[in-house]
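Taking my numbering, I'd label the letters of the sequence shown as residues 242 to 464.
Quick reminder that beta carbons are idealized off the backbone N, C-alpha and C, glycines included.
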Amino acid sequence: MKRLDTILSLLSPGCRLADIGCDHAYIPVAAVSSGAASFAYASDVREGPLSRARENAEKAGLSDRIVLDLADGLENAEKYAPDTVVIAGMGGELIAGIIDKADFVKKGGVRLILQPMTCPEKLRRYLLSAGFAITAERLAKEDRRIYQIIVCEYTKETGNYTETELLTGKNTEDKELLPALYRKYINKYEKIIKGKAASGVDHSFEDKISGELKEKYENNRAL
Ligand SMILES: C[S@@+](CC[C@H](N)C(=O)[O-])C[C@H]1O[C@@H](n2cnc3c(N)ncnc32)[C@H](O)[C@@H]1O
């Protein structure tokens, strides 16, 4: 499945959606028109993307069911009482920072659907240390790129993943795309190891991750 379709498939029918960093508003428009969301709050920190969102919501005849807002992260979202928050297409550290500033998502009852473009390990590390439980993991493929989608909810319990699990997730349901995800990181770590070896820097940390990724790759390829 493609990236945005995979995100849409994770919405519970009739949810109250907040899409943060909505850009073109593809997610809220598709979600409200299909009934996957009964209402959507869509925000972006920049006026340009927000005017694209406004145009698309108007074109779809959904201006009365999608609230568009110029806002930084989740700063104005609480008053719309979302039960589902999507933050997609941004760096993992930026997503973690947005969540960290929003106390209302740390009360429970709000599902977060997150799709980091970079640093998924930093995002998972933050989530697990801040008391979020990762409840589902999905992969999507588009233009030969693999995307990771993380679903979580605040439970107060902290969690522990290995470095490799932080990078690629745990219990990912998409077995078909897993070998490609592992291969991507094997290649990345081989480059890092080569670079460190060439400059005489210790690479035992990367060796361990690379070894685990190779084992996972072989096990999943065999499925
Ligand atoms: C690459 S687009 C992703 C759009 C859409 N969510 C998707 O996944 O296709 C990232 C958007 O996030 C917005 N953005 C970046 N930082 C933000 C923040 N702190 N709060 C709200 N929006 C932000 C950008 O302006 C941009 O429109």
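- Distance between Arg365 and Leu407, taken at the CA atoms: about 6 Å.
- Its chain contains Asp264 as the residues whose beta carbon lies nearer than 6 Å to that of Pro290, once the 5 sequence neighbours on both sides are disregarded; these appear in chain order.
- Pairing Tyr426 with Asp246, the inter-Cα distance amounts to about 24 Å.
- Within the region 291 to 328, the complete beta strand (DSSP E) runs of at least 3 residues fall at 307 to 311.
- A check of alpha carbon separations from Gly350 across Val326, Tyr367, Gln356 identifies Val326 as the nearest.
- Judged by DSSP in its simplified three-state form, Ala272 adopts helix.
- Setting aside the 5 residues that flank it on each side, Phe345 is surrounded in the same chain by Glu319, each with a C-beta closer than 6 Å to its C-beta; the list follows chain order.
- In this structure, Asn317 keeps its C-beta atom at 7 Å or more from the C-beta atom of Ala266.
- Per DSSP, Tyr282 is one residue of the beta strand (DSSP E) stretching across 278 to 285.
- Taking a cut-off of 8 Å on C-beta distances, the region 277 to 289 does not touch the region 400 to 418, as fewer than three cross pairs fall below it.
- Under the three-state reduction of DSSP output, Thr376 falls in the strand class.
- Boundaries of the alpha helix (DSSP H) harbouring Tyr367: 361 to 370, taken from the DSSP string.
- Distance from the Cα of Arg244 is smallest, within the candidate group Asp443, Ile354, Asp310, for Ile354.
- Straight-line spacing of the CA atoms in Gly452 and Pro357 works out to 24 Å.
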